[in-house]
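Everything below concerns the one structure shown next.
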Amino acid sequence: MAKLKITQVRSKNGSTKRQIANLTSLGLRKMHQTVEVEKTPVTEGQIAKIRHLVEVEEI
Numbered sequence: 191m192a193k194l195k196i197t198q199v200r201s202k203n204g205s206t207k208r209q210i211a212n213l214t215s216l217g218l219r220k221m222h223q224t225v226e227v228e229k230t231p232v233t234e235g236q237i238a239k240i241r242h243l244v245e246v247e248e249i
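One gets the working numbering by counting positions in the sequence shown from 1 and adding 190 to each.
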């Protein structure tokens with residue numbers, strides 16, 4: 191299955207609790223931190239909710 195490279199580019203300050211929970215569940219804790227996750231419908235849904243906070247690149 192394909193992987194996604196996700197980098198947090200904007201601060202979570204001012205975000206809703208649900209958006210912060212999505213960042214945390216994807217493994218993003220700090221600005222400019224990058225994680226690799228499997229591309230599944232679940233992760234795509236989480237990314238859709240925080241699209242304005244992250245950059246996504248398909249590997």
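Think of the CB as a built atom: it goes at the ideal place given N, C-alpha and C, for glycine as much as any other residue.
Classify residue i: buried if its beta carbon has 16 or more other beta carbons within 10 angstroms, exposed otherwise.
{"i": "Ile249", "result": "exposed"}
{"i": "Val244", "result": "buried"}
Could you tell me the alpha carbon to alpha carbon distance between residue i and residue j, rounded to whole angstroms?
{"i": "Ile196", "j": "Thr224", "result": "6 angstroms"}
{"i": "Pro231", "j": "Leu213", "result": "16 angstroms"}
{"i": "Ser215", "j": "Asn203", "result": "17 angstroms"}
{"i": "Gln198", "j": "Val246", "result": "9 angstroms"}
Go to residue i, then tell me how far its beta strand (DSSP E) extends in each direction, as first and last residue.
{"i": "Leu243", "result": "Looking at the DSSP string, Leu243 is not in any beta strand (DSSP E), and its letter there is neither H nor E."}
{"i": "Thr224", "result": "Thr224 to Glu228"}
Can you check DSSP and say which residues form a bridge with residue i?
{"i": "Lys195", "result": "Glu226 and Glu247"}
Let's see if you can read the secondary structure: which residues bound the alpha helix (DSSP H) around residue i?
{"i": "Asn212", "result": "Lys207 to Ser215"}
Is any beta-carbon of chain D found at less than 8 angstroms from that of residue i?
{"i": "Gln198", "result": "Structure shown: chain D not included; a single protein chain is present."}
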